[in-house]
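**Student:** For the sequence shown, my numbering gives the first residue as 5, with consecutive numbering after it. Pasting a structure here, questions to come.
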Amino acid sequence: MKGPLFYSKILLFGEYGIIKDSKGLSIPYNFYNGALKMDENPSDQAIKSNKSLKGFVDYLSTIDAKLVTFDIETLKKHVEEGMYFDSSIPQGYGVGSSGALVAAIYDKYAHDKITVLENLIREKLLKLKSIFSAMESFFHGKSSGLDPLNSYLSIPILINSKDHIEATGIPSQKTEGKNAVFLLDSGIIGETAPMVSIFMENMKQEGFRKMIKDQFVKHTDACVDDFLKGDIKSLFNNTKQLSKVVLNHFKPMIPKQFHELWKKGIETNEYYLKLCGSGGGGYILGFTENIDVAKQSLKDYKLEVVYNF
(Lines of atoms letter the chains of each structure in order from A; the text may use other names.)
(Lines give C-alpha, C1' and ligand atoms only; values in the text may rest on other atoms or scores of the structure.)
Protein backbone atom coordinates (compact mmCIF):
# COMPACT_ATOMS: atom_id res chain seq x y z
CA MET A 5 0.00 0.00 0.00
CA LYS A 6 1.17 3.51 -0.82
CA GLY A 7 -1.04 6.59 -0.66
CA PRO A 8 -0.79 9.79 -2.74
CA LEU A 9 2.00 12.26 -1.98
CA PHE A 10 1.41 15.36 0.11
CA TYR A 11 3.93 18.17 -0.05
CA SER A 12 5.60 20.41 2.47
CA LYS A 13 4.73 24.10 2.53
CA ILE A 14 6.41 27.43 3.12
CA LEU A 15 4.63 30.35 4.72
CA LEU A 16 6.37 33.17 2.86
CA PHE A 17 4.75 35.86 4.97
CA GLY A 18 2.50 35.87 8.01
CA GLU A 19 4.20 33.78 10.73
CA TYR A 20 2.86 34.99 14.11
CA GLY A 21 1.06 37.83 12.29
CA ILE A 22 -1.78 35.58 11.18
CA ILE A 23 -2.51 34.85 14.85
CA LYS A 24 -3.28 38.58 15.03
CA ASP A 25 -5.10 38.80 11.69
CA SER A 26 -2.31 39.95 9.44
CA LYS A 27 -2.24 38.80 5.85
CA GLY A 28 -0.30 35.67 4.98
CA LEU A 29 0.89 33.86 1.90
CA SER A 30 1.61 30.16 1.89
CA ILE A 31 3.03 28.16 -1.03
CA PRO A 32 3.53 24.42 -1.57
CA TYR A 33 7.16 23.30 -1.56
CA ASN A 34 7.49 20.13 -3.63
CA PHE A 35 11.05 19.37 -2.57
CA TYR A 36 9.72 17.47 0.46
CA ASN A 37 6.72 15.16 0.64
CA GLY A 38 5.11 12.33 2.54
CA ALA A 39 2.67 9.47 1.97
CA LEU A 40 0.86 6.83 4.03
CA LYS A 41 2.51 3.43 3.59
CA MET A 42 2.71 -0.15 4.76
CA ASP A 43 5.84 -2.31 4.51
CA GLU A 44 6.57 -5.99 5.03
CA ASN A 45 9.72 -5.13 6.99
CA PRO A 46 9.29 -1.70 8.57
CA SER A 47 12.33 0.39 9.52
CA ASP A 48 12.81 1.87 13.03
CA GLN A 49 11.58 5.17 11.64
CA ALA A 50 8.41 3.50 10.32
CA ILE A 51 7.76 1.80 13.68
CA LYS A 52 8.15 5.15 15.46
CA SER A 53 5.77 6.85 13.03
CA ASN A 54 3.22 4.03 13.41
CA LYS A 55 3.36 4.43 17.20
CA SER A 56 2.60 8.15 17.02
CA LEU A 57 -0.28 7.45 14.60
CA LYS A 58 -1.94 5.34 17.33
CA GLY A 59 -2.27 8.35 19.61
CA PHE A 60 -3.50 10.48 16.71
CA VAL A 61 -6.25 7.97 15.83
CA ASP A 62 -7.57 8.04 19.42
CA TYR A 63 -7.57 11.83 19.29
CA LEU A 64 -9.48 11.95 15.97
CA SER A 65 -12.49 10.20 17.49
CA THR A 66 -12.80 13.10 19.99
CA ILE A 67 -13.26 15.76 17.28
CA ASP A 68 -16.75 17.27 17.07
CA ALA A 69 -18.76 15.02 14.70
CA LYS A 70 -20.62 18.09 13.37
CA LEU A 71 -17.30 19.24 11.92
CA VAL A 72 -15.93 15.99 10.51
CA THR A 73 -16.16 12.21 10.96
CA PHE A 74 -13.73 9.52 9.87
CA ASP A 75 -13.84 5.87 9.00
CA ILE A 76 -12.14 5.20 12.34
CA GLU A 77 -12.58 1.42 12.12
CA THR A 78 -10.62 1.12 8.86
CA LEU A 79 -8.06 3.66 10.04
CA LYS A 80 -7.54 1.73 13.31
CA LYS A 81 -7.22 -1.52 11.39
CA HIS A 82 -4.61 -0.05 9.05
CA VAL A 83 -2.61 1.41 11.94
CA GLU A 84 -2.73 -1.93 13.75
CA GLU A 85 -1.44 -3.55 10.56
CA GLY A 86 1.56 -1.22 10.70
CA MET A 87 0.60 1.77 8.54
CA TYR A 88 2.95 4.74 8.95
CA PHE A 89 3.66 8.11 7.36
CA ASP A 90 6.71 7.87 5.12
CA SER A 91 8.01 11.41 4.91
CA SER A 92 11.07 13.28 3.72
CA ILE A 93 9.73 16.45 5.39
CA PRO A 94 12.04 17.41 8.26
CA GLN A 95 10.22 17.75 11.59
CA GLY A 96 10.54 20.98 13.57
CA TYR A 97 11.82 22.86 10.52
CA GLY A 98 8.82 25.07 9.79
CA VAL A 99 7.92 23.38 6.50
CA GLY A 100 4.78 21.59 7.66
CA SER A 101 5.59 17.98 8.53
CA SER A 102 2.44 17.45 10.62
CA GLY A 103 0.40 19.36 8.02
CA ALA A 104 1.19 16.82 5.32
CA LEU A 105 0.26 13.91 7.62
CA VAL A 106 -3.06 15.56 8.54
CA ALA A 107 -3.83 16.12 4.84
CA ALA A 108 -3.04 12.47 4.03
CA ILE A 109 -5.28 11.10 6.81
CA TYR A 110 -8.17 13.43 5.87
CA ASP A 111 -7.83 12.49 2.20
CA LYS A 112 -8.01 8.76 2.87
CA TYR A 113 -10.34 8.40 5.85
CA ALA A 114 -12.69 11.41 6.14
CA HIS A 115 -16.38 10.95 5.35
CA ASP A 116 -17.94 13.43 2.87
CA LYS A 117 -14.58 14.99 2.19
CA ILE A 118 -14.23 18.24 0.28
CA THR A 119 -12.08 17.46 -2.74
CA VAL A 120 -9.55 19.53 -4.62
CA LEU A 121 -11.55 19.11 -7.82
CA GLU A 122 -14.68 20.91 -6.73
CA ASN A 123 -15.27 24.63 -6.89
CA LEU A 124 -13.41 25.86 -3.81
CA ILE A 125 -15.64 28.68 -2.69
CA ARG A 126 -14.69 30.58 0.45
CA GLU A 127 -17.09 28.59 2.69
CA LYS A 128 -15.46 25.31 1.64
CA LEU A 129 -11.94 26.63 2.21
CA LEU A 130 -12.93 27.89 5.67
CA LYS A 131 -14.59 24.60 6.51
CA LEU A 132 -11.45 22.68 5.46
CA LYS A 133 -9.33 25.09 7.49
CA SER A 134 -11.49 24.47 10.60
CA ILE A 135 -11.30 20.69 10.14
CA PHE A 136 -7.53 20.80 9.69
CA SER A 137 -7.14 23.15 12.63
CA ALA A 138 -8.97 20.67 14.88
CA MET A 139 -6.95 17.74 13.54
CA GLU A 140 -3.52 19.39 13.71
CA SER A 141 -4.08 20.71 17.24
CA PHE A 142 -3.09 17.22 18.37
CA PHE A 143 0.49 18.06 17.37
CA HIS A 144 0.83 21.74 18.25
CA GLY A 145 -1.66 22.55 20.98
CA LYS A 146 -3.10 25.29 18.74
CA SER A 147 -3.12 25.17 14.96
CA SER A 148 -4.42 27.58 12.35
CA GLY A 149 -5.06 24.65 9.99
CA LEU A 150 -3.19 26.40 7.19
CA ASP A 151 -0.32 23.93 6.80
CA PRO A 152 -2.58 20.94 6.12
CA LEU A 153 -4.78 23.11 3.88
CA ASN A 154 -1.81 24.05 1.76
CA SER A 155 -0.56 20.50 1.67
CA TYR A 156 -4.00 19.09 0.80
CA LEU A 157 -4.74 21.53 -2.01
CA SER A 158 -1.15 21.98 -3.20
CA ILE A 159 -1.87 25.53 -4.40
CA PRO A 160 -0.75 28.92 -3.05
CA ILE A 161 -3.11 30.27 -0.41
CA LEU A 162 -3.68 33.91 0.38
CA ILE A 163 -4.80 34.67 3.91
CA ASN A 164 -6.56 38.03 3.97
CA SER A 165 -7.75 37.57 7.56
CA LYS A 166 -8.88 34.74 9.82
CA ASP A 167 -12.22 34.42 8.03
CA HIS A 168 -11.12 35.32 4.55
CA ILE A 169 -8.81 32.96 2.71
CA GLU A 170 -8.58 32.21 -0.99
CA ALA A 171 -6.58 30.21 -3.49
CA THR A 172 -4.29 32.56 -5.39
CA GLY A 173 -1.79 32.72 -8.22
CA ILE A 174 1.77 33.90 -7.58
CA PRO A 175 4.21 35.53 -10.03
CA SER A 176 5.69 32.84 -12.25
CA GLN A 177 9.16 31.55 -11.50
CA LYS A 178 12.01 32.81 -13.64
CA THR A 179 14.82 30.28 -13.51
CA GLU A 180 17.33 32.92 -14.53
CA GLY A 181 15.91 35.51 -12.10
CA LYS A 182 18.44 37.00 -9.65
CA ASN A 183 15.75 37.72 -7.06
CA ALA A 184 15.22 34.67 -4.90
CA VAL A 185 13.62 33.19 -1.82
CA PHE A 186 15.83 30.64 -0.06
CA LEU A 187 15.97 28.44 3.01
CA LEU A 188 18.91 28.47 5.40
CA ASP A 189 19.38 25.39 7.57
CA SER A 190 19.96 26.36 11.21
CA GLY A 191 20.92 22.78 12.04
CA ILE A 192 18.68 22.92 15.12
CA ILE A 193 15.22 21.40 15.54
CA GLY A 194 12.65 24.02 16.51
CA GLU A 195 9.70 23.30 18.79
CA THR A 196 6.49 25.12 17.84
CA ALA A 197 4.60 25.09 21.15
CA PRO A 198 7.25 26.86 23.35
CA MET A 199 7.79 29.57 20.71
CA VAL A 200 4.08 30.27 20.40
CA SER A 201 3.75 30.49 24.19
CA ILE A 202 6.61 33.08 24.35
CA PHE A 203 4.72 35.08 21.71
CA MET A 204 1.41 34.82 23.62
CA GLU A 205 3.14 35.86 26.84
CA ASN A 206 4.64 38.93 25.09
CA MET A 207 1.22 39.80 23.68
CA LYS A 208 0.12 40.57 27.25
CA GLN A 209 2.32 43.69 27.14
CA GLU A 210 0.78 46.76 25.59
CA GLY A 211 4.04 47.90 23.96
CA PHE A 212 4.52 44.56 22.22
CA ARG A 213 0.91 44.54 21.00
CA LYS A 214 1.34 48.04 19.59
CA MET A 215 4.56 47.00 17.80
CA ILE A 216 2.78 43.97 16.29
CA LYS A 217 -0.03 46.15 14.96
CA ASP A 218 1.95 49.22 13.85
CA GLN A 219 5.07 47.52 12.51
CA PHE A 220 4.93 43.75 12.17
CA VAL A 221 1.44 43.41 10.66
CA LYS A 222 1.87 46.58 8.57
CA HIS A 223 5.06 45.32 6.87
CA THR A 224 3.75 41.74 6.57
CA ASP A 225 0.61 42.95 4.75
CA ALA A 226 2.71 45.18 2.49
CA CYS A 227 5.07 42.26 1.64
CA VAL A 228 2.13 40.04 0.64
CA ASP A 229 0.65 42.78 -1.58
CA ASP A 230 4.03 43.58 -3.18
CA PHE A 231 4.81 39.93 -3.85
CA LEU A 232 1.45 39.24 -5.49
CA LYS A 233 1.64 42.45 -7.56
CA GLY A 234 5.25 41.75 -8.53
CA ASP A 235 6.43 45.11 -7.13
CA ILE A 236 10.00 43.97 -6.46
CA LYS A 237 11.46 47.26 -5.25
CA SER A 238 8.78 47.77 -2.64
CA LEU A 239 8.86 44.07 -1.69
CA PHE A 240 12.55 44.18 -0.74
CA ASN A 241 12.07 47.47 1.07
CA ASN A 242 9.28 45.99 3.20
CA THR A 243 11.12 42.67 3.71
CA LYS A 244 14.10 44.64 5.07
CA GLN A 245 11.82 46.46 7.54
CA LEU A 246 10.22 43.15 8.55
CA SER A 247 13.65 41.58 9.07
CA LYS A 248 14.59 44.51 11.38
CA VAL A 249 11.38 44.23 13.41
CA VAL A 250 11.95 40.49 13.92
CA LEU A 251 15.58 41.00 14.96
CA ASN A 252 14.56 43.68 17.48
CA HIS A 253 11.46 42.05 18.94
CA PHE A 254 11.61 38.29 18.27
CA LYS A 255 15.12 37.53 19.51
CA PRO A 256 14.14 34.32 21.39
CA MET A 257 12.80 32.87 18.14
CA ILE A 258 16.14 33.38 16.34
CA PRO A 259 18.88 30.89 17.26
CA LYS A 260 21.68 32.87 18.98
CA GLN A 261 24.36 32.01 16.44
CA PHE A 262 22.27 33.67 13.71
CA HIS A 263 21.82 37.08 15.37
CA GLU A 264 24.97 38.53 13.76
CA LEU A 265 24.23 36.97 10.37
CA TRP A 266 20.73 38.45 10.49
CA LYS A 267 22.16 41.90 11.27
CA LYS A 268 24.79 41.61 8.52
CA GLY A 269 22.09 41.02 5.90
CA ILE A 270 20.24 44.17 6.93
CA GLU A 271 23.44 46.26 7.01
CA THR A 272 24.85 45.06 3.66
CA ASN A 273 21.50 44.59 1.82
CA GLU A 274 22.91 41.31 0.45
CA TYR A 275 19.97 39.33 1.85
CA TYR A 276 17.19 39.73 4.43
CA LEU A 277 16.30 36.94 6.83
CA LYS A 278 12.95 36.17 8.41
CA LEU A 279 11.36 33.40 10.45
CA CYS A 280 10.15 30.29 8.70
CA GLY A 281 7.28 28.96 10.79
CA SER A 282 7.56 29.56 14.52
CA GLY A 283 11.37 29.83 14.59
CA GLY A 284 13.57 28.61 17.43
CA GLY A 285 15.50 26.51 14.93
CA GLY A 286 14.62 24.66 11.76
CA TYR A 287 14.85 26.71 8.61
CA ILE A 288 15.32 30.44 8.35
CA LEU A 289 13.74 32.06 5.30
CA GLY A 290 15.81 34.45 3.22
CA PHE A 291 15.08 36.98 0.48
CA THR A 292 17.72 38.40 -1.81
CA GLU A 293 17.92 40.66 -4.87
CA ASN A 294 21.03 38.80 -6.02
CA ILE A 295 21.22 35.10 -5.25
CA ASP A 296 24.87 34.83 -6.37
CA VAL A 297 25.92 37.50 -3.87
CA ALA A 298 23.83 35.89 -1.11
CA LYS A 299 25.30 32.44 -1.82
CA GLN A 300 28.81 33.87 -1.60
CA SER A 301 28.01 35.73 1.61
CA LEU A 302 26.41 32.63 3.18
CA LYS A 303 28.81 30.05 1.75
CA ASP A 304 29.43 28.49 5.19
CA TYR A 305 25.74 27.58 5.51
CA LYS A 306 23.44 25.07 3.88
CA LEU A 307 21.27 27.09 1.50
CA GLU A 308 18.38 25.85 -0.68
CA VAL A 309 16.77 28.09 -3.30
CA VAL A 310 12.98 27.82 -3.15
CA TYR A 311 11.87 30.35 -5.74
CA ASN A 312 13.52 32.57 -8.38
CA PHE A 313 11.71 35.58 -9.73
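Ideal Cβ positions, reconstructed from N, Cα and C, are used throughout, including at glycine.
Please state whether the Cβ-Cβ distance between Met87 and Leu57 is less than 9 Å.
**Tutor:** Here the question's residue 87 lines up with position 83 in the sequence shown. Here the question's residue 57 lines up with position 53 in the sequence shown. Taking 9 Å as the Cβ cut-off, Met87 and Leu57 qualify as a contacting pair.
**Student:** Just to confirm the assignment, what range does the alpha helix (DSSP H) spanning Thr243 have?
**Tutor:** Position 239 of the sequence shown, counted from the start, is the residue given in the question as residue 243. That run of the alpha helix (DSSP H) goes Ile236 to His253.
**Student:** Are His82 and Met199 close, meaning C-beta to C-beta below 9 Å?
**Tutor:** Taking the sequence shown and counting its residues from 1, one reaches residue 82 at position 78. Taking the sequence shown and counting its residues from 1, one reaches residue 199 at position 195. No, these two residues do not count as a Cβ contact at 9 Å.
**Student:** How would you write the range of the beta strand (DSSP E) that Ser165 sits in, first residue to last?
**Tutor:** Translated into positions along the sequence shown, residue 165 becomes position 161. Unbroken beta strand (DSSP E) run through Ser165: Ile161 to Ser165.
**Student:** Which value, in whole angstroms, describes the spacing of the CA atoms of Ile161 and Ile125?
**Tutor:** Translated into positions along the sequence shown, residue 161 becomes position 157. Translated into positions along the sequence shown, residue 125 becomes position 121. When rounded, the distance between both Cα atoms is 13 Å.
**Student:** Measuring straight from C-alpha to C-alpha, what distance separates Ser176 and Phe291?
**Tutor:** For the purposes of this step, residue 176 is identified with residue 172 of the sequence shown, where counting begins at 1. For the purposes of this step, residue 291 is identified with residue 287 of the sequence shown, where counting begins at 1. C-alpha separation (whole angstroms): 16 Å.
**Student:** Which same chain residues, not among the five before or five after Asn34, have their C-beta less than 6 Å away from its C-beta?
**Tutor:** The count along the sequence shown starts at 1 and reaches residue 34 at position 30. Once the five neighbours on either side are set aside, the close Cβ partners of Asn34 are Tyr11.
**Student:** For His168, I'd like the list of residues in its chain whose CB is within less than 8 Å of its CB, leaving aside the five on either flank, ordered along the chain.
**Tutor:** Walking along the sequence shown from the start, residue 168 turns up at place 164. Closer than 8 Å at the Cβ level, and outside the excluded window around His168, lie Arg126.
**Student:** For Thr196, I'd like the list of residues in its chain whose CB is within less than 6 Å of its CB, leaving aside the five on either flank, ordered along the chain.
**Tutor:** Counting from 1 along the sequence shown, the entry for residue 196 is found at position 192. Excluding sequence neighbours, Thr196 sits near His144 and Ser282.
**Student:** Alpha carbon to alpha carbon, how far is Ser148 from Ile258?
**Tutor:** Here residue 148 is taken as the residue at index 144 of the sequence shown, counted from 1. Here residue 258 is taken as the residue at index 254 of the sequence shown, counted from 1. Answer to the nearest angstrom: the Cα atoms are 22 Å apart.
**Student:** Give me the Cα-Cα distance between Lys166 and Glu210, rounded to the nearest whole angstrom.
**Tutor:** Position 162 of the sequence shown, counted from the start, is the residue given in the question as residue 166. Position 206 of the sequence shown, counted from the start, is the residue given in the question as residue 210. Linking Lys166 to Glu210 through their CA atoms gives a straight-line distance of about 22 Å.
**Student:** Hey, would you say Tyr97 sits closer than 9 Å to Gly194, going by beta carbons?
**Tutor:** For the purposes of this step, residue 97 is identified with residue 93 of the sequence shown, where counting begins at 1. For the purposes of this step, residue 194 is identified with residue 190 of the sequence shown, where counting begins at 1. Closer than 9 Å, so yes.
**Student:** Under 9 Å, do Glu308 and Asp189 count as touching if we go by C-beta distance?
**Tutor:** For the purposes of this step, residue 308 is taken as residue 304 along the sequence shown, with counting starting at 1. For the purposes of this step, residue 189 is taken as residue 185 along the sequence shown, with counting starting at 1. The answer is yes: Cβ separation under 9 Å.
**Student:** Look up Val309 in the DSSP assignment and give the residues it is bridged to.
**Tutor:** Residue numbering aside, residue 309 sits at position 305 when the sequence shown is read from its first letter. Paired residue(s): Phe186.
**Student:** Work out the CA separation of Phe74 and Asp68 for me, nearest whole Å.
**Tutor:** Counted from its first residue, the sequence shown places residue 68 at position 64. Counted from its first residue, the sequence shown places residue 74 at position 70. So the two alpha carbons sit approximately 11 Å from each other.
**Student:** Give the list of continuous alpha helix (DSSP H) stretches no shorter than 4 residues that lie fully inside the segment 78 to 155.
**Tutor:** Counting only runs of 4 or more, we get 101 to 113 and 126 to 144.
**Student:** Considering only the alpha carbon of each residue, which of Leu9, Lys13, Gly181 and Lys24 lies closest to Gln219?
**Tutor:** One-based indexing of the sequence shown puts residue 219 at position 215. That would be Lys24, whose Cα lies nearest to the Cα of Gln219.
**Student:** Any contact between the segment 103 to 110 and the segment 30 to 50? By contact I mean 3 or more CB pairs, one from each, below 8 Å.
**Tutor:** yes
**Student:** Measuring CA to CA, which of Val72, His263 and Asn154 is closest to Ser247?
**Tutor:** The residue you call residue 247 lines up with position 243 of the sequence shown. It is His263.
**Student:** How about Gly286 and Leu277: do their beta carbons lie closer than 9 Å?
**Tutor:** Position 282 of the sequence shown, counting from 1, holds the residue named residue 286. Position 273 of the sequence shown, counting from 1, holds the residue named residue 277. Cβ atoms of Gly286 and Leu277: not closer than 9 Å.
**Student:** Whole angstroms are fine: how far does the CA of Ile31 sit from the CA of Lys303?
**Tutor:** As a first step, residue 303 is located in the sequence shown; it is residue number 299 there, counting from the start. As a first step, residue 31 is located in the sequence shown; it is residue number 27 there, counting from the start. Taking the straight line from one Cα to the other gives about 26 Å.
**Student:** Residue range of the beta strand (DSSP E) that Ala171 falls in?
**Tutor:** Within the sequence shown, residue 171 is the residue found at index 167, counting from 1. Here the beta strand (DSSP E) through Ala171 covers His168 to Ala171.
**Student:** If I'm right that Phe103 touches Pro152 with Cβ under 8 Å, what's the distance once you round it to whole angstroms?
**Tutor:** Here residue 103 refers to the residue found at position 99 of the sequence shown. Here residue 152 refers to the residue found at position 148 of the sequence shown. Just to set this straight, residue 103 is Gly in the shown sequence, not Phe. 4 Å between Cβ atoms; contact.
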